Amino acid sequence: MYKNDFPFFKNSSVTYLDNAATTQKPQAVLNKILEYYTNYCSNTHRSNHGDANKATKEFEETRTILKEFINAKDESEIIFTKGVTESLNMVASIFAKEFKTIIISSIEHHSNITPWHMQNRTLHQGLEVVNIKENLEFDFEHFEELLKANPNSFVSITHVSNAFGVKHNIKKIAKLTHKYNSYLMVDGAQSLAHFEIDVQDLDVDFYAISSHKTYGPTGVGALYVKQELLEKLKTYQTGGATINDVNFQRSLMLSSPYKFEAGTQNIADVIAFKEALKYIKNIGYKTIHTIEEEIYSYLHNELKKIENIILYNNVENSIVSKSFNIKDINSEDIGILLDKMHIAVRAGHHCAQPIMKKLNIDGTIRVSIAFYNTKEDIDIFIKALKKAITMLKD
Ligand SMILES: Cc1ncc(COP(=O)(O)O)c(C=O)c1O
Numbered sequence: 004m005y006k007n008d009f010p011f012f013k014n015s016s017v018t019y020l021d022n023a024a025t026t027q028k029p030q031a032v033l034n035k036i037l038e039y040y041t042n043y044c045s046n047t048h049r050s051n052h053g054d055a056n057k058a059t060k061e062f063e064e065t066r067t068i069l070k071e072f073i074n075a076k077d078e079s080e081i082i083f084t085k086g087v088t089e090s091l092n093m094v095a096s097i098f099a100k101e102f103k104t105i106i107i108s109s110i111e112h113h114s115n116i117t118p119w120h121m122q123n124r125t126l127h128q129g130l131e132v133v134n135i136k137e138n139l140e141f142d143f144e145h146f147e148e149l150l151k152a153n154p155n156s157f158v159s160i161t162h163v164s165n166a167f168g169v170k171h172n173i174k175k176i177a178k179l180t181h182k183y184n185s186y187l188m189v190d191g192a193q194s195l196a197h198f199e200i201d202v203q204d205l206d207v208d209f210y211a212i213s214s215h216k217t218y219g220p221t222g223v224g225a226l227y228v229k230q231e232l233l234e235k236l237k238t239y240q241t242g243g244a245t246i247n248d249v250n251f252q253r254s255l256m257l258s259s260p261y262k263f264e265a266g267t268q269n270i271a272d273v274i275a276f277k278e279a280l281k282y283i284k285n286i287g288y289k290t291i292h293t294i295e296e297e298i299y300s301y302l303h304n305e306l307k308k309i310e311n312i313i314l315y316n317n318v319e320n321s322i323v324s325k326s327f328n329i330k331d332i333n334s335e336d337i338g339i340l341l342d343k344m345h346i347a348v349r350a351g352h353h354c355a356q357p358i359m360k361k362l363n364i365d366g367t368i369r370v371s372i373a374f375y376n377t378k379e380d381i382d383i384f385i386k387a388l389k390k391a392i393t394m395l396k397d
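For the sequence shown, our numbering begins at 4 and goes up steadily by one.
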């Protein structure tokens, strides 16, 4: 019973099925945050006293653990950020800005759409969008057409769709991207909590990670940058801890990752993030996958039995998130009633309005599971859903 590791479940009577929004945090993560603030609260990479050295060591340990976790080559390839949103914005403004064409897909989160609009790019004016097929899978033929017409581009694609749970074949996307002399950034917000990431095997150039969706604290994320590209990356913000030497004529920057981490970092939460990674490692992705797959297909089968249900993604190409609508009922209305029955799901557009528009819908109800969920959670949810449908139909 993995819920016992998470204090939230001891204190809340909610059936939590909104894991794609954020995951709960295990006790070990909470302990670590408290440990930093109560035992050695000091700034990192500055002072040279005992507590400051301890804080720096703990902070850098997270970098090393994350490096090993995603099989990066070196710690310099791991840059701490506030989360996936900041990682994507950072690459957009310090590297991708120079490219004539950016290629995304039509199933992206707003975080991978709006940074490109901020550069005054619009569809076919510096921004190209890969079609998503009827079953919500990535259209590789269209992708290759776009790359052929626009070699030397910058490609930015999500690994797993937050709105529908569809998982893209990133290895294949990377191969095609590089064939056309382009670069690939991956939005990994919905990945690391559920399956192993090997950045070398995937051969991605940039990979964005979110701690809070991976059982870690909010306000922390990381950006993986392939070593060969580090020198090409300009600094994004500068200030304390990024500098090697300054006079009034010029500033000489440190090397990566420090030149990208300006100002005091979110020290406690970075330190605590490693506890989330250790927790996942202890359980093992194999176990996580087995549990999640079983609950996911149980959820799918139970939903299929509901009258007038419209399901968008199938279990074969998707993981953990299930999006649906009930004919003639507004998804937000169902969300409100489920909330009243203490069920936490998300209803609406899930920060992915363009794909909703493409499907001609305002939104969906999204149920997103994690390995601590049980079939009993699904039963409670299905019972409440049926009740909500009956109430809204009458
Ligand atoms: C696919 C996807 N990309 C990006 C984000 C933004 O991530 P973060 O909250 O770490 O900034 C999310 C969060 O909902 C997401 O699901």
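Cβ coordinates follow ideal geometry from the N, Cα and C atoms, glycine included.
These numbers come from a predicted model, not from an experiment.
Query raised in the report: What do you reckon, are the CB atoms on residue 264 and residue 83 nearer than 8 Å?
Result: It is a contact, given that the beta carbons lie within the stated cut-off.
**Report entry** Bridge partner(s) assigned by DSSP for residue 369
**Finding:** Its beta-bridge partners are 326 and 349.
Query raised in the report: What span of residues does the beta strand (DSSP E) with residue 92 cover, start to end?
Result: It is not in any beta strand (DSSP E) - residue 92 instead sits in the alpha helix (DSSP H) that spans 87-97.
Requested in this report: For residue 76, collect the residues of the same chain with a Cβ closer than 6 Å to its Cβ; drop the 5 residues on either side in sequence, then sort them by chain order.
Outcome: Cβ neighbours of residue 76 beyond the five flanking positions: 230.
Query raised in the report: Are the stretch 139-157 and the stretch 169-178 touching by the rule of at least three beta carbon pairs closer than 8 Å?
Result: A contact is defined here as three or more CB-CB pairs under 8 Å, and the stretch 139-157 meets this definition with respect to the stretch 169-178.
Query - N-terminal and C-terminal residue of the beta strand (DSSP E) that residue 81 is part of - result: Residue 81: member of the beta strand (DSSP E) spanning 81-84, first to last residue.
Query raised in the report: What first and last residue would you give for the alpha helix (DSSP H) that runs through residue 275?
Result: Residue 275: member of the alpha helix (DSSP H) spanning 270-286, first to last residue.
Report task. Would you list, in sequence order, the uninterrupted beta strand (DSSP E) runs of no fewer than 3 residues that lie entirely inside the stretch 9-90? Result -> Within the stretch 9-90, the beta strand (DSSP E) runs of at least 3 residues that lie entirely inside it are, in chain order, 81-84.
Query raised in the report: Beta carbon of residue 108, beta carbon of residue 87: below 8 Å?
Result: Contact: no.
Requested in this report: Check residue 224 in the structure and name its three-state DSSP category.
Outcome: Of the three classes helix, strand and coil, the one that applies to residue 224 here is strand, per DSSP.
Query raised in the report: Excluding sequence positions up to five away, which residues of its chain have a Cβ less than 8 Å from the Cβ of residue 375?
Result: Around residue 375: 5, 6, 8, 9, 12 and 27.
Query raised in the report: If you draw a straight line from the alpha carbon of residue 377 to that of residue 90, how long is it in whole angstroms?
Result: Distance between the alpha carbons of residue 377 and residue 90: 33 Å.
Query raised in the report: What do you reckon, is the C-beta of residue 354 under 7 Å from a heavy atom of ligand 1?
Result: Yes, the beta carbon of residue 354 sits closer than 7 Å to at least one heavy atom of ligand 1.
Query raised in the report: With C-beta atoms as the reference, is residue 187 less than 8 Å away from residue 208?
Result: For residue 187 and residue 208, yes; Cβs fall inside 8 Å.
Query - Option in 392, 213, 147 and 334 with minimal Cα separation from residue 163 - result: The alpha carbon of residue 163 has as its nearest neighbour, out of 392, 213, 147 and 334, the alpha carbon of 213.
Query raised in the report: Quick one, which of 301, 332 and 331 has its alpha-carbon nearest residue 318's?
Result: The residue with the shortest Cα to Cα distance from residue 318 is 301.
Report task. Check whether the stretch 269-278 touches the stretch 340-352, taking contact to mean three or more Cβ pairs, one atom from each stretch, closer than 8 Å. Result -> They do not touch, by the three-pair rule.
Query raised in the report: Relative to ligand 1, is the shortest distance from any of its heavy atoms to the C-beta of residue 114 smaller than 7 Å?
Result: Yes, the Cβ of residue 114 comes within 7 Å of a heavy atom of ligand 1.
Query raised in the report: Whole beta strand (DSSP E) runs in the stretch 136-201 with 3 or more residues, listed along the chain?
Result: As far as the stretch 136-201 is concerned, its whole beta strand (DSSP E) runs of at least 3 residues are 157-161 and 186-190.
**Report entry** Cα-Cα separation, residue 129 to residue 203
**Finding:** Their Cα atoms are separated by approximately 29 Å.
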